[in-house]
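Novice: Heads up: the sequence lines are chains A, B and C, in that order.
Using this note's numbering, read the first sequence as starting at 4 and increasing by one per residue.
Using this note's numbering, read the second sequence as starting at 142 and increasing by one per residue.
Using this note's numbering, read the third sequence as starting at 2 and increasing by one per residue.
Beta carbons: idealized from backbone N, C-alpha and C, even for Gly.
Have a look at this one.
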Amino acid sequence: MQSQPKNIKPQTGKTSRSNNDTDFFCSTTVTCPLYLEATSVGPTAARSLNQDRIGQVHSVFTRVVNVLTSGNRLISVVGADVGNGPINIVTNLPQSTSMASIGIRKNDEVLNVDGSIVLGKNVIIISTKNAKEWKPQRIFRGKVLAIKKMRDNLTTMKEVTCAHGRFGGLAQLIEYVEEGRLDKLAGQELNSFARRALPHLSMLMKTIRAGDYQDIKRSAQELVGLGPGLTPSADDVLSGLMASLTLISENLNIFEDSVSEVNKSIISCIQDRTTLISQEFLMHAAVGEANEPIVALIEKILTARPNEVEEATRHVLAIGEASGTDVVLGVFLGSWLLLGDV
Amino acid sequence: MSKKENLLNKKLKVINIGIETFVEDLKKQGAEVIHVDWRPPAGGDVEILKLLDKLEEGVDSSKRNHSKRPTKKQ
Amino acid sequence: MVVRVIVRKDTYRDSVTLMKVSNEVSILEGVLQAAVVMATPTNKQLLKDVKLLTDEAGKATPNDLVIALDAKNEEIMKSAISEVDKLLSARETTETEEVLPKTLDSALRLMPDANLVMISVPGDFAKREALKALRKGLNVFLFSSNVPVEQELELKKISREEGLLMMGPDCGTAIINNIVLGFGNIVSQGSIGIVSASGTGLQQVSTLIHERGLGMSQAIGIGGNDLSGTVGGIMMIEGIKLLEEDEKTQAIVLVSKPPVPQVSEKVLQAASRCKKPIVVNFIGGKVDEISKRGFVAATTLEDGARAVCDLLQRKKTRNIVFTIPKGTILPIVKAQSSKLSKTQRYVRGLFSGGTLCYESLVILAPLIGDVYSNTPLKTGYKLEDVSVSKNHTCIDMGTEEFTVGRPHPMIDFTLRKRRIIQEAKDPEAAVLLLDVVLGYGSHQNPVAELVPSIAEAKSIAEQNGRFLSVVASIVGTPEDPQDLRKQKKKLEEAGVVIMPSNAQATRMTALVATRGAIEEKLLG
Numbered sequence: 004m005q006s007q008p009k010n011i012k013p014q015t016g017k018t019s020r021s022n023n024d025t026d027f028f029c030s031t032t033v034t035c036p037l038y039l040e041a042t043s044v045g046p047t048a049a050r051s052l053n054q055d056r057i058g059q060v061h062s063v064f065t066r067v068v069n070v071l072t073s074g075n076r077l078i079s080v081v082g083a084d085v086g087n088g089p090i091n092i093v094t095n096l097p098q099s100t101s102m103a104s105i106g107i108r109k110n111d112e113v114l115n116v117d118g119s120i121v122l123g124k125n126v127i128i129i130s131t132k133n134a135k136e137w138k139p140q141r142i143f144r145g146k147v148l149a150i151k152k153m154r155d156n157l158t159t160m161k162e163v164t165c166a167h168g169r170f171g172g173l174a175q176l177i178e179y180v181e182e183g184r185l186d187k188l189a190g191q192e193l194n195s196f197a198r199r200a201l202p203h204l205s206m207l208m209k210t211i212r213a214g215d216y217q218d219i220k221r222s223a224q225e226l227v228g229l230g231p232g233l234t235p236s237a238d239d240v241l242s243g244l245m246a247s248l249t250l251i252s253e254n255l256n257i258f259e260d261s262v263s264e265v266n267k268s269i270i271s272c273i274q275d276r277t278t279l280i281s282q283e284f285l286m287h288a289a290v291g292e293a294n295e296p297i298v299a300l301i302e303k304i305l306t307a308r309p310n311e312v313e314e315a316t317r318h319v320l321a322i323g324e325a326s327g328t329d330v331v332l333g334v335f336l337g338s339w340l341l342l343g344d345v
Numbered sequence: 142m143s144k145k146e147n148l149l150n151k152k153l154k155v156i157n158i159g160i161e162t163f164v165e166d167l168k169k170q171g172a173e174v175i176h177v178d179w180r181p182p183a184g185g186d187v188e189i190l191k192l193l194d195k196l197e198e199g200v201d202s203s204k205r206n207h208s209k210r211p212t213k214k215q
Numbered sequence: 002m003v004v005r006v007i008v009r010k011d012t013y014r015d016s017v018t019l020m021k022v023s024n025e026v027s028i029l030e031g032v033l034q035a036a037v038v039m040a041t042p043t044n045k046q047l048l049k050d051v052k053l054l055t056d057e058a059g060k061a062t063p064n065d066l067v068i069a070l071d072a073k074n075e076e077i078m079k080s081a082i083s084e085v086d087k088l089l090s091a092r093e094t095t096e097t098e099e100v101l102p103k104t105l106d107s108a109l110r111l112m113p114d115a116n117l118v119m120i121s122v123p124g125d126f127a128k129r130e131a132l133k134a135l136r137k138g139l140n141v142f143l144f145s146s147n148v149p150v151e152q153e154l155e156l157k158k159i160s161r162e163e164g165l166l167m168m169g170p171d172c173g174t175a176i177i178n179n180i181v182l183g184f185g186n187i188v189s190q191g192s193i194g195i196v197s198a199s200g201t202g203l204q205q206v207s208t209l210i211h212e213r214g215l216g217m218s219q220a221i222g223i224g225g226n227d228l229s230g231t232v233g234g235i236m237m238i239e240g241i242k243l244l245e246e247d248e249k250t251q252a253i254v255l256v257s258k259p260p261v262p263q264v265s266e267k268v269l270q271a272a273s274r275c276k277k278p279i280v281v282n283f284i285g286g287k288v289d290e291i292s293k294r295g296f297v298a299a300t301t302l303e304d305g306a307r308a309v310c311d312l313l314q315r316k317k318t319r320n321i322v323f324t325i326p327k328g329t330i331l332p333i334v335k336a337q338s339s340k341l342s343k344t345q346r347y348v349r350g351l352f353s354g355g356t357l358c359y360e361s362l363v364i365l366a367p368l369i370g371d372v373y374s375n376t377p378l379k380t381g382y383k384l385e386d387v388s389v390s391k392n393h394t395c396i397d398m399g400t401e402e403f404t405v406g407r408p409h410p411m412i413d414f415t416l417r418k419r420r421i422i423q424e425a426k427d428p429e430a431a432v433l434l435l436d437v438v439l440g441y442g443s444h445q446n447p448v449a450e451l452v453p454s455i456a457e458a459k460s461i462a463e464q465n466g467r468f469l470s471v472v473a474s475i476v477g478t479p480e481d482p483q484d485l486r487k488q489k490k491k492l493e494e495a496g497v498v499i500m501p502s503n504a505q506a507t508r509m510t511a512l513v514a515t516r517g518a519i520e521e522k523l524l525g
């Protein structure tokens with residue numbers, strides 16, 4: 004009998020679990036869906052939404068559901084706390100709700116039905132009609148500061164990170180980086196990842212300065228995929244590095260072509276060497292696209308006062324487990340490459 | 142007298158598992174309802190669920206083998 | 002020194018979890034080293050360098066999770082591994098503000114004298130929950146669909162053994178002790194019992210009984226697959242027995258599409274053992290075979306309702322064509338069809354109730370020929386593309402192909418509205434046939450949705466020199482939340498011909514489309 008309604012758009016009011024005036028429930032068929040609204044969509048995510056079949060669920064976390072698109076890319080459905088990003092579809096998922104307990108499963112189909120994103124068989128239905136397209140800020144708004152002030156901001160960023168960062172990965176190295184140089188290191192207690200990464204990271208910085216694209220690639224190859232985390236620690240450093248190189252060079256109009264070549268060299272070796280999600284972040288970082296807090300941090304380094312830089316740094320540090328801290332290291336290194344020797 | 146008979150012509154006391162909107166409708170009609178805040182067990186992981194089922198089956202059947210049939214709710 | 006590497010293929014845990022696993026395992030007594038990383042080439046090289054790489058781990062890919070452990074001895078290794086498994090399998094906890102019971106057991110502690118469990122969890126989990134309820138001695142209303150028939154059979158065997166009701170799976174409606182479970186209309190109490198495999202079928206029959214001034218004792222839903230070969234009609238048979246024992250019930254009507262012969266036989270045998278009068282309402286079924294057994298057979302829902310009422314009131318029943326006099330019918334037909342243009346000749350039925358769609362297909366076939374559908378009577382008449390009508394077409398818009406990403410058409414009219422406009426643009430479409438189902442669970446104000454689209458559709462037709470006729474029936478009672486009288490009035494004001502039942506609406510549609518040509522056939 005298919006004559007009876009099997010999913011219900013509730014007409015009743017709030018409950019402890021309700022989201023505005025909708026109710027939700029998990030479903031593998033058509034019972035009561037979780038209705039969400041997308042508030043903003045990143046450009047890469049937006050491109051993937053144009054077809055009827057968007058893809059399938061790749062992984063499910065508390066505040067994030069990753070979708071593997073038909074083009075073998077990843078896009079993410081996230082709660083507002085995760086924030087905007089090139090591959091993010093930001094929704095009004097209630098703060099106390101975990102995506103993992105709704106019944107969405109890996110390999111569930113993700114479809115575009117009349118402008119709504121449907122995950123699974125009506126498990127989650129996301130309306131995109133009011134979603135704004137989020138574009139990462141490329142041209143910074145504020146006035147660019149004097150070099151000295153920018154360097155001061157970098158120092159502030161380092162101090163904040165040392166005090167509040169999480170150092171499970173490579174980011175330990177930030178304590179020992181002087182003006183972007185990793186040379187002075189001896190006898191400190193480094194974790195196995197940082198210890199292993201150190202010579203290669205040091206070499207990477209040297210080869211970038213020298214403009215040796217083949218050597219850059221070789222060094223990057225030793226780093227990609229290294230470290231703990233779903234986005235391996237070294238990848239986060241590389242993302243921070245490439246994003247800051249790109250955005251700073253564009254805004255200061257310096258070394259733009261070189262930066263482009265450097266980034267190309269770095270990502271030429273990521274295929275099959277790291278997780279899918281990390282590949283996405285790396286590819287976007289290579290063209291200066293990153294999640295909002297990261298872009299905001301780079302902007303603040305160039306244009307804002309130390310207290311704003313401190314706040315922006317803390318936002319990035321809050322990302323993931325140690326991801327944020329690793330990214331800051333990358334931003335630090337990338338910024339010094341351009342602001343140090345000018 | 143069968144258990145079904147105990148349902149007919151008595152006040153309905155309902156435990157609702159699933160769609161929450163049913164609860165309101167039932168209350169409006171004078172039934173007593175409790176709503177269960179149900180989540181897929183094992184985080185929705187079907188493999189773990191199969192295991193859980195097997196476990197419960199085992200417990201169930203051993204209960205039935207070793208003790209008197211448990212008294213059913215009246 | 003025991004080294005073991007656990008490889009979890011294609012496993013994604015967020016970094017917080019991974020860190021947690023790493024930390025908690027590292028501090029275990031006797032664990033010398035622990036690494037929790039994704040198996041990227043560089044990480045594998047690292048593991049190799051610290052002698053933590055096994056062959057299996059070596060084959061892992063970047064999207065696999067690797068937990069490498071070095072423990073003092075085998076025993077410690079074992080407990081470390083089980084700790085890892087525990088941490089990785091840990092369920093997500095969510096914060097809920099209210100304290101609601103999370104399981105049947107905890108709910109029972111709060112309501113120990115519960116007598117019914119209403120289950121609408123996803124099909125994958127339905128059997129599990131239903132079984133739990135049965136084992137606790139509780140009756141079950143199982144709304145969930147997509148439950149395999151084998152599981153349904155198992156559940157029903159157990160419920161039969163335990164003397165409990167298993168209404169469903171795929172049961173959307175029931176009325177027990179005058180309380181509507183799931184979807185349904187507010188009807189009077191009385192002495193007619195229904196056992197139905199169809200939800201909207203139950204709604205149509207019960208509302209017509211109510212209109213007649215009689216009432217329901219109990220309406221037992223048994224789910225759409227009860228009368229399948231596998232399940233064999235278990236609940237229908239149990240339902241008959243139950244209603245026979247029920248003092249309040251004096252007459253019974255069985256509602257379903259015609260079951261396969263062996264199940265039909267089982268049901269009829271059970272019915273013959275029943276001491277109370279039974280109407281067998283197999284929609285479109287073979288009347289003669291059933292009448293031969295001494296039952297009143299009805300082939301439309303309306304006939305079923307009328308027959309059981311007549312039975313109760315000891316009146317002789319006959320089948321209805323129209324309850325409105327011929328003298329009123331014919332002018333309506335004329336008025337509607339005279340404005341049709343030459344190209345217009347097809348019926349287009351757009352249904353929210355699957356059984357109502359089925360009933361219409363059954364009624365239309367002998368009148369206007371075979372009808373295309375997404376749920377056709379004949380295989381050759383399945384629509385290639387459900388979004389485009391062909392010749393005479395009736396579609397059930399509650400099927401999965403129409404409901405991905407949106408609520409059911411009884412609640413959400415978006416697709417039906419669109420389709421109404423689409424049909425209006427088709428020069429061959431003559432009459433639209435609609436069902437409007439009221440009651441619990443349905444849309445609060447169907448006419449607010451339908452009228453604007455109908456008006457637009459009629460206008461489109463008019464602008465192109467045509468006339469779009471719209472015929473509908475409303476399944477509901479004046480007691481329903483939606484204000485039946487207002488619904489009817491607004492539809493009539495919009496030019497819709499409202500008929501007292503789906504069956505009559507269907508026949509009216511056929512008359513209009515054929516411009517009265519089948520009048521003889523129908524009305525004699």
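Count the other CB atoms, across all protein chains shown, that sit within 10 Å of the CB of Ser419 (chain C); report buried if there are 16 or more and exposed otherwise.
Specialist: According to the sequence displayed, residue 419 (chain C) carries Arg and not Ser. By the neighbour-count rule (16 or more Cβ atoms within 10 Å), Arg419 (chain C) is not buried but exposed.
Novice: Please confirm whether Asp329 (chain A) and Leu173 (chain A) have their CB atoms less than 8 Å apart.
Specialist: yes
Novice: State the beta-bridge partners of Thr394 (chain C) as determined by DSSP.
Specialist: C:Arg349 and C:Tyr373
Novice: Which residue from A:Gly333, A:Gly327, A:Thr306 and A:Leu336 puts its Cα closest to that of Gly145 (chain A)?
Specialist: Ranking the options by Cα distance to Gly145 (chain A), first place goes to A:Thr306.
Novice: May I ask which residues mark the beginning and end of the beta strand (DSSP E) holding Glu40 (chain A)?
Specialist: Leu37 to Val44
Novice: Compare the C-beta of Ala293 (chain A) against all C-beta atoms of chain C and say whether one is closer than 8 Å.
Specialist: no
Novice: For the segment 219-241 of chain C, list every residue whose C-beta sits within 8 Å of some C-beta in chain B, in sequence order.
Specialist: Listed by position, the residues of the segment 219-241 of chain C near chain B (Cβ gap below 8 Å) are Gln219 and Glu239.
Novice: Determine the chain C residues that contact Lys168 (chain B) at a beta-carbon separation under 8 Å, and present them in chain order.
Specialist: Ordered by position in chain C, no residue passes the 8 Å Cβ test against Lys168 (chain B), which lies about 10 Å from the chain.
Novice: Out of curiosity, what's the CA-to-CA distance linking Leu243 (chain C) and Ala172 (chain B)?
Specialist: 21 Å
Novice: Counting pairs of beta carbons, one from the segment 57-75 of chain A and one from the segment 157-177 of chain A, are three or more of them closer than 8 Å?
Specialist: no
Novice: My output table needs one value for Phe335 (chain A): the three-state DSSP class, helix, strand or coil.
Specialist: helix
Novice: Beta-carbon of Ser121 (chain C) versus every beta-carbon of chain B: anything under 8 Å?
Specialist: yes
Novice: What do you get for Val67 (chain C), buried or exposed, if any count of 16 or more other CB atoms within 10 angstroms of its CB means buried?
Specialist: Buried: at least 16 other Cβ atoms inside 10 Å.
Novice: Three Cβ pairs or more, each shorter than 8 Å: is that satisfied between the segment 505-525 of chain C and the segment 446-466 of chain C?
Specialist: no
Novice: Quick check on DSSP: helix, strand or coil for Arg184 (chain A)?
Specialist: strand
Novice: Beta-carbon of Met112 (chain C) versus every beta-carbon of chain B: anything under 8 Å?
Specialist: It does: the Cβ of Met112 (chain C) has a partner Cβ on chain B nearer than 8 Å.
Novice: Closer than 7 Å by C-beta to Glu292 (chain A): which residues in its own chain qualify, once you throw out the five before and the five after it? Chain order, please.
Specialist: Pro89 and Pro139
Novice: Distance check for Val334 (chain A) and Arg308 (chain A), CA to CA, integer angstroms please.
Specialist: 17 Å
Novice: With DSSP collapsed to three states, give me the class of Glu463 (chain C).
Specialist: helix
Novice: Would a C-beta distance cut-off of 8 Å place Leu439 (chain C) and Asn179 (chain C) closer than the cut-off?
Specialist: no
Novice: Short of 7 Å in beta carbon distance, which residues of its chain neighbour Gln282 (chain A), apart from the five on each side in sequence? Order them along the chain.
Specialist: If we look at Gln282 (chain A) and ignore the five residues flanking it on each side, its Cβ neighbours are Ile273.
Novice: Leu233 (chain A) CB to nearest chain C CB: under 8 Å?
Specialist: yes
Novice: Which one or two residues does DSSP pair with Phe283 (chain C) in a beta bridge?
Specialist: C:Ser257
Novice: Check whether the segment 381-395 of chain C and the segment 303-321 of chain C touch, using three or more Cβ-Cβ pairs below 8 Å as the test.
Specialist: no
Novice: Helix, strand or coil, according to DSSP, for Met411 (chain C) in the structure here?
Specialist: coil
Novice: For a cutoff of 8 Å on Cβ pairs, would you count Glu98 (chain C) as touching chain B?
Specialist: Note that Glu98 (chain C) scores a pLDDT of 34, beneath 50, so its modelled location is shaky; the value from the coordinates is reported in the next line. No, because no Cβ of chain B sits closer than 8 Å to the Cβ of Glu98 (chain C).
Novice: Output yes or no for whether 8 Å exceeds the beta carbon distance between Ala213 (chain A) and Ser268 (chain A).
Specialist: no
Novice: Mind reading off the beta-carbon distance from Leu117 (chain C) to Leu101 (chain C)? Whole number of angstroms is fine, and I expect it under 8 Å.
Specialist: Wrong, their Cβ atoms sit about 18 Å apart, outside the cutoff.
Novice: To the nearest angstrom, report how far apart Leu362 (chain C) and Ile333 (chain C) are at their CA atoms.
Specialist: 22 Å
Novice: Cα-Cα, which of C:Lys103, C:Gly214, C:Glu25 and C:Ile412 is closest to Ser80 (chain C)?
Specialist: C:Glu25
Novice: Can you check DSSP and say which residues form a bridge with Gly183 (chain C)?
Specialist: C:Thr174
Novice: Spatial neighbours of Gly571 (chain C) within its chain, please: C-beta separation below 8 Å, excluding the five flanking residues on both sides.
Specialist: The structure shown does not extend to residue 571 (chain C), since chain C spans only 2 to 525, so no value can be given for it.
Novice: Following the continuous alpha helix (DSSP H) through Phe284 (chain A), name the residue where it begins and the one where it ends.
Specialist: Leu279 to Ala289
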